[in-house]
Amino acid sequence: MADDTVVGSAATSTTRAMFDYAPAPESRSVVDIASSYGLFIDGEFTDPVDGRSFKTISPASEEVLAEVSEASERDVDLAVRAARNAHTKVWSKMSGRERSKYLFRIARIIQERSRELAVLESLDNGKPIRESRDVDVPLVAAYFFYYAGWADKLQYAGFGPDPRPLGVAGQVIPWNFPLLMLAWKIAPALAAGNTVVLKPAETTPLTSLLFAEICQQADLPPGVVNIVTGAGETGRAVVAHPDVDKVAFTGSTDVGRSIAQTVAGTTKSVTLELGGKAANIVFDDAPVDQAVEGIVNGIFFNQGHVCCAGSRLLVQESVAQDVLDRLKRRMATLRLGDPLDKNTDIGAINSAEQLAKIRSLSDVGEAEGAGRWSPACDLPQHGFWFPPTIFTGVSQAHRIAREEIFGPVLSVITFRTPAEAVEKANNTPFGLSAGVWTDKGSRILWMADRLRAGVVWANTFNKFDPTSPFGGYKESGYGREGGRHGLEAYLAK
Amino acid sequence: MPSSGERIEVRKTYKLYIGGAFPRSESGRSYEVHDSKGRFLANAAQASRKDARDADVAARKAFGGWSAKTAYNRGQVVYRVAELLEGRRIQFVDEVQRGEGLSRRQAERVVDLSVDRLVWYAGWADKVAQVVGSANPVAGPYFNFSLPEPTGAVAMVAPEDSSLLGLVSVLAPAVVTGNTVVVVTSYSRPLPAITLSEVLATSDVPGGVVNMLTGSAAEIAPWLASHMDVNAIDLTGVEDAELARALEESAAQNLKRVRRPGPVDWAAEPGIDRLASFLETKTVWHPIGI
Chain A
1 MADDTVVGSA
11 ATSTTRAMFD
21 YAPAPESRSV
31 VDIASSYGLF
41 IDGEFTDPVD
51 GRSFKTISPA
61 SEEVLAEVSE
71 ASERDVDLAV
81 RAARNAHTKV
91 WSKMSGRERS
101 KYLFRIARII
111 QERSRELAVL
121 ESLDNGKPIR
131 ESRDVDVPLV
141 AAYFFYYAGW
151 ADKLQYAGFG
161 PDPRPLGVAG
171 QVIPWNFPLL
181 MLAWKIAPAL
191 AAGNTVVLKP
201 AETTPLTSLL
211 FAEICQQADL
221 PPGVVNIVTG
231 AGETGRAVVA
241 HPDVDKVAFT
251 GSTDVGRSIA
261 QTVAGTTKSV
271 TLELGGKAAN
281 IVFDDAPVDQ
291 AVEGIVNGIF
301 FNQGHVCCAG
311 SRLLVQESVA
321 QDVLDRLKRR
331 MATLRLGDPL
341 DKNTDIGAIN
351 SAEQLAKIRS
361 LSDVGEAEGA
371 GRWSPACDLP
381 QHGFWFPPTI
391 FTGVSQAHRI
401 AREEIFGPVL
411 SVITFRTPAE
421 AVEKANNTPF
431 GLSAGVWTDK
441 GSRILWMADR
451 LRAGVVWANT
461 FNKFDPTSPF
471 GGYKESGYGR
481 EGGRHGLEAY
491 LAK
Chain B
494 MPSSGERIEV
504 RKTYKLYIGG
514 AFPRSESGRS
524 YEVHDSKGRF
534 LANAAQASRK
544 DARDADVAAR
554 KAFGGWSAKT
564 AYNRGQVVYR
574 VAELLEGRRI
584 QFVDEVQRGE
594 GLSRRQAERV
604 VDLSVDRLVW
614 YAGWADKVAQ
624 VVGSANPVAG
634 PYFNFSLPEP
644 TGAVAMVAPE
654 DSSLLGLVSV
664 LAPAVVTGNT
674 VVVVTSYSRP
684 LPAITLSEVL
694 ATSDVPGGVV
704 NMLTGSAAEI
714 APWLASHMDV
724 NAIDLTGVED
734 AELARALEES
744 AAQNLKRVRR
754 PGPVDWAAEP
764 GIDRLASFLE
774 TKTVWHPIGI
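What follows is the structure, encoded as C-alpha cells:
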C-alpha cells in the first residue's frame with residue numbers, strides 16, 4: 001500500500017491481504033525527466049508554432065512531471081511535411097535490408113534502456129512497475145525485433161510480389177499502453193517503408209518523447225518518425241491532414257466512428273482498434289483456480305484499462321457460487337497502491353476524467369439493481385484510485401453489461417448451456433476478444449468457431465505476441481495489428 | 494631468417510569446435526593452411542571419423558534444448574552472432590582477403606554481406622512458420638493446422654571457395670529453424686570458420702548447436718552420410734560429383750534429407766529455399782464439438 005495509507009487499518013479488516021509486505025519501490029533515479037518537452041519533428045525537438053503547452057502528471061500522486069508542447073494544426077502540417085520529405089527522399093528509397101537494421105537498432109536500444117522506459121511508463125501512466133517492466137517494455141522490444149525482420153522480407157508476406165508502402169501514416173494512440181501502442185503502430189509502418197506522424201495520448205506523452213530520443217540515438221534519418229503531442233484537436237489534425245495516406249487509431253469506439261466519417265470520400269487507408277466488452281466464459285469443467293487467475297488477469301490487469309479486458313464474466317450456473325467465492329478470496333489479496341512498488345498489483349487510474357467515468361458507471365450498476373462488491377481496500381489520499389470491483393446479478397440489459405467501463409470493474413452473468421454462453425457472449429456491439437475456460441479441447445474450438453471476436457483466448461487471457469494478429473470484429477474496429485497480417489495495413493493494394 | 498630484433502610471430506595450431514569446446518583432433522593430426530599465394534597462415538586440426546562421431550553426439554545432445562527454445566529467442570541469439578561478427582570485422586576481412594585472394598574492398602564486401610545475411614536469417618526465426626505453415630480448412634468438424642519443425646542433427650559440407658559468406662549462408666538457415674549442425678569446413682580456407690567458432694563460443698548459441706570440423710570432406714563426409722543418428726546432410730560444398738553421388742547413396746540408408754550440391758551465387762538474395770530444406774511439416778487434427 002502507498003505511504004499515505006492509514007496505518008493500522010489492516011488489523012481491523014478481516015478480508016485484508018494475508019501478508020504485509022515491506023515497501024519495495026523501484027528507484028526513480030534511473031530516469032531523467034526534463035521540465036519541458038518540444039515536439040519531435042524532422043529529427044529535432046522543436047517548439048510549437050504558437051507556443052502552447054500542457055502539463056502531464058503522475059496519476060498516482062497528481063505531481064506534475066513535465067510541461068509538454070501542444071501541437072496545433074500548423075505543427076501537424078510541419079510534421080507531415082517532414083514525414084513526406086523523409087519518405088520520398090530517404091525511407092522509400094532505402095533497401096529493406098537497411099531499414100531492417102535501423103529497426104533492429106531501435107529494438108536493441110529499447111532492451112538496453114528497458115528499466116528507464118518501465119519506470120517512466122509507470123510514473124506517467126500509473127500502471128504497476130511489475131507490468132511495465134515485465135509485460136509492456138519487453139513486448140515493445142519484441143514488436144520492433146519482429147517487424148525489423150520483416151522489412152527485408154516483404155515479398156514473402158503474401159501481399160504480392162512487389163509490396164509497396166502507402167506513404168505517410170498518421171497514428172493516434174491511447175493512454176493505456178502508451179509505449180506498447182507506439183510499438184504496434186510504428187514498427188510495422190516503418191518496416192513496410194512508411195514514415196509516421198504519431199500523436200500519443202495527452203495524459204501519457206513521456207515515453208513517446210523518450211522514444212523520440214531513442215530514434216536520435218539510433219541515427220534514424222530525420223522525419224521518418226515524428227511525434228506530435230497534444231489532445232483531441234491535435235489528433236483530429238493528424239487524421240484530417242490531406243497529405244496523410246494512412247490513418248491508424250487505437251482508442252474509443254466513439255472517436256473511431258468520427259475518424260471513419262472524417263476519412264470518408266478520401267483515398268486514406270484506415271485501421272481502427274477500438275473498444276471491447278469481452279466475455280470471459282467459464283464452464284463447469286474448467287480448472288477453477290486457473291480460471292480465477294485468468295478472470296483476475298482478464299479484468300484487473302492494468303487496472304482494467306484494456307480494450308480487450310474480460311469485463312463480462314460468463315460463468316456456468318452449476319459452478320457460479322464456487323467460482324465467485326474463490327474469486328473474492330483472490331481479490332482480497334490484490335495489493336493496490338504505489339505503481340513503482342514492485343509488490344503492487346493494481347496501480348492508479350490514469351486520469352481524473354477516467355475515474356469519474358468508472359465511478360459513474362459503477363453507480364449506475366448499483367442503481368440498476370446489480371450487487372456491488374469490493375474487498376476491503378484502503379485507497380491512497382492523493383491521486384486517482386478505484387478498488388477492484390465485481391457486480392453480481394447482472395442482466396444483459398444493464399448498462400454495466402453493455403458499455404465499456406475501462407476500469408477494474410467486472411460484471412458477472414451466468415449461463416446454463418454452451419449455446420446460451422455463445423448467445424450472451426455475442427450479444428454486444430463489440431467483438432474484440434473472448435475467453436473460454438474448459439478442460440475439453442473440442443469445446444474450446446466449438447466456442448471459438450461461434451464467438452464473433454477477433455481474438456479468442458482458451459484457458460488463458462490477455463496474451464500478446466508480435467507474431468499474433470490482434471484486432472476486432474464489429475464495432476471493435478477493423479484491420480489487424482501484429483503478425484504477418486499486421487503488415488497488410490501498411491502496404492499499398 | 495628474420496633479421497635480429499624482428500619479432501618472431503606466434504604461430505597457432507587451431508583446434509576443432511565440438512560441443513562448445515575446442516578439442517584437438519582425436520587423431521592427433523593437423524595440416525598447414527596457406528593463403529592464396531601459398532604463404533603459410535596457420536595449422537589446422539585435421540578431423541577424423543571419431544571427431545565426426547563426437548560432433549554428432551554433441552549436436553544430438555543440443556537438439557532438444559535448441560529446438561525447444563522459442564523462435565523469438567533463436568532469432569535474438571542469431572542476431573547477437575551478427576553483432577559479434579560485426580565486432581570482429583577486421584579479423585574476418587583479413588582472413589577472407591588472404592584466404593580467398595580478394596582485394597581489401599572485395600573482402601570487406603564479403604564480410605558485410607555475411608553479417609547482413611545473418612541478420613536476414615535471424616529475422617526468419619519467428620516468421621518461417623507464418624510463411625510455410627497453414628491452417629487447413631478440412632471438410633469436417635476438425636481444427637487442422639500444419640507447422641514446420643526442425644529436422645534434427647544436420648551434417649553439412651560447407652563451400653570450399655566461399656569460406657565465410659558461403660559458410661554463413663548454409664549454416665544460418667539450418668540453425669535458425671532449430672536444427673543443430675556438424676559442419677565440415679572449407680579444407681583450404683578454414684580460418685573464417687575457425688574464427689566463426691570463436692564467435693559462436695562467446696555468443697549465446699548453446700554449445701553443441703554448431704560443431705565445426707576442419708579437415709577433408711572426402712575423408713569425413715562419408716562417415717556422416719552413413720551415420721544412423723544424423724537426420725540430414727547438406728552436400729553444398731562437395732565438388733566431386735562422384736563423391737556427392739556416393740554420399741547421397743549412403744544417406745539413403747536411414748532416409749536422410751539430402752541437399753544436393755550445385756552452383757550458388759552467394760552474393761545474391763538467398764530466398765527461403767534453404768530455410769525449408771531442413772524442416773519437417775507436422776499436421777495436427779483436433780475435433781470441434783461441445
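If you read the sequences in order, they're chains A and B.
Per the working numbering, residue 1 is the first one in the first sequence, and the count goes up by one each step.
Per the working numbering, residue 494 is the first one in the second sequence, and the count goes up by one each step.
Backbone N, C-alpha and C fix where the C-beta goes; we use that ideal spot for every residue, glycine too.
Between residue i and the rest of its own chain, which residues show a CB-CB distance below 7 angstroms, the 5 nearest in sequence each way excluded?
i	result
P221/A	A86, V90, W91
G275/A	S252, T253, C307, E404, F430, S476
E150/A	Inspection of the sequence shows that residue 150/A is occupied by Trp rather than by Glu. The answer, listed in chain order, is A157, A191, L487.
L103/A	F144, Y147, A148, A151, A187, L190, A191
Grouping DSSP H, G and I as helix and E and B as strand, with all else coil, what is residue i?
i	result
Q494/A	What is shown of chain A runs 1 to 493, which leaves residue 494/A out entirely.
A540/B	coil
F461/A	coil
I349/A	coil
T776/B	strand
D528/B	coil
N724/B	coil
L500/A	What the structure shows of chain A is the stretch from 1 to 493, and residue 500/A is not part of that stretch, so it cannot be assessed.
K554/B	helix
N672/B	coil
Any beta carbon of chain B sitting closer than 7 angstroms to that of residue i?
i	result
I413/A	no
R480/A	no
T438/A	no
L487/A	no
T203/A	no
T460/A	no
P163/A	no
P188/A	no
P138/A	no
R113/A	no
P418/A	yes
T344/A	no
Which bits of chain A does residue i rub up against, with CB to CB less than 8 angstroms?
i	result
H779/B	G441, S442, L445
Here's a check: name, in chain order, each residue in its chain whose Cβ is nearer than 8 angstroms to the Cβ of residue i, leaving out the five neighbours to either side.
i	result
Q354/A	H305, F384, F406, G407
A489/A	P188, K246, A248, S269, T271, G479, R480, E481
K495/A	This structure gives no information on residue 495/A, because the portion of chain A shown stretches from 1 to 493.
R753/B	L728, A737, E741
S53/A	S36, E67, V68, S69, E70
G568/B	A615, G616, W617, A618, D619, V669
Which chain A residues sit within Cβ distance under 9 angstroms of residue i?
i	result
V612/B	R97, S100, K101, F104, A148, G149, D152
I765/B	K153, Y156
G568/B	F145, Y146, G149
Should residue i be flagged as near chain A, meaning a C-beta pair shorter than 7 angstroms?
i	result
G782/B	yes
I616/B	The sequence shown places Gly at residue 616/B, not Ile. Taking Cβ atoms only, chain A reaches closer than 7 angstroms to G616/B, which makes this a yes.
D697/B	no
D605/B	no
D609/B	yes
Could you tell me which chain B residues have their CB closer than 8 angstroms to the CB of residue i, listed as they occur along the chain?
i	result
A142/A	Y565
Less than 6 angstroms between the CB of residue i and some heavy atom of the ligand GTP, yes or no?
i	result
F464/A	Ligands displayed in this structure: none; no statement on the ligand GTP is therefore possible.
Going along the chain, which residues of its own chain have a beta-carbon closer than 6 angstroms to the beta-carbon of residue i, five neighbours each way excluded?
i	result
A79/A	I41, V197, N226, V228
E741/B	V751
P25/A	L340, D341
D439/A	D285
G730/B	V650, A651, P652, E653
R542/B	W716
Using a Cβ cut-off of 7 angstroms, pull out every chain B residue sitting near residue i, in sequence order please.
i	result
D449/A	I781
Whose Cβ in chain A lies nearer than 7 angstroms to the Cβ of residue i?
i	result
Y572/B	F104
Give me the chain B residues within the contact set of residue i, using Cβ-Cβ distance strictly less than 9 angstroms, ordered along the chain.
i	result
R484/A	K620, Q623, V624
Within the stretch 224-295 of chain A, ranges of the alpha helix (DSSP H) (whole runs, at least 4 residues): 232-240, 253-262
Within the stretch 52-102 of chain A, ranges of the beta strand (DSSP E) (whole runs, at least 3 residues): 53-57, 64-69
Interface residues of the stretch 620-647 of chain B facing chain C [CB-CB below 7 angstroms]: Annotation note: the requested chain C is absent from the structure, which comprises protein chains A and B.
Residue ranges of each beta strand (DSSP E) within the stretch 168-193 of chain A, 3 or longer: 168-172
4-residue-minimum alpha helix (DSSP H) runs that sit fully inside the stretch 111-135 of chain A, ordered along the chain: 114-125
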